[in-house]
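Beneath this line is the structure, given in structure tokens, with notes to follow.
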Amino acid sequence: MTKLPVSLLGYENSMVLWGKRICVAVAYGALVSVVSRLWEDTWSDSLTFGISMALVMLGVAWAMDTRKRAGKG
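Okay, here's the thing in structure tokens:
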């Protein structure tokens, strides 16, 4: 990996953290979709449910990150 001459002020670590969060959200969404399909929902219902759960996970992570950066806990 190439090092930049300018300090990234933690952006590199933040990008890695968000990459991990996205991977976990995608995996969780896939798991939810499979479980939903096993309960004999339609394919579109299963995909919609999985995608919405992944987006909810990312939204919660974004809100927690924003509050943490604002110094509110």
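Numbering (this note's numbering), first residue to last: 465 to 537. The C-beta atom is built at its ideal place from N, Cα and C for all residues, glycine as well. Computed from a prediction, not measured in an experiment: that's the story for all the values here.
Return the CA-CA distance between residue i and residue j, expressed in angstroms with no decimal places.
{"i": "Arg-533", "j": "Trp-526", "result": "11 Å"}
{"i": "Ser-510", "j": "Lys-536", "result": "36 Å"}
{"i": "Ser-497", "j": "Asn-477", "result": "30 Å"}
{"i": "Glu-481", "j": "Trp-507", "result": "Correcting the residue type first, residue 481 is Leu in the shown sequence and not Glu. Near 31 Å, if we compare the C-alpha coordinates of Trp-507 and Leu-481."}
{"i": "Arg-485", "j": "Val-524", "result": "11 Å"}
Report back the beta-carbon spacing between residue i and residue j to the nearest angstrom; my notes put them in contact at under 8 Å.
{"i": "Met-521", "j": "Tyr-492", "result": "6 Å"}
Mapping the DSSP letters down to three states, classify residue i as helix, strand or coil.
{"i": "Asp-428", "result": "This structure does not reach residue 428, given that the chain is present from 465 up to 537, and the question cannot be answered."}
{"i": "Lys-536", "result": "coil"}
What does a CB cutoff of less than 7 Å around residue i pick up in its chain, not counting 5 residues either side in sequence?
{"i": "Ala-489", "result": "Ala-518, Met-521 and Leu-522"}
{"i": "Ile-515", "result": "Gly-493"}
Under 6 Å Cβ to Cβ from residue i, same chain only, skipping five residues before and after it: list those, please.
{"i": "Ser-500", "result": "Ser-510 and Phe-513"}
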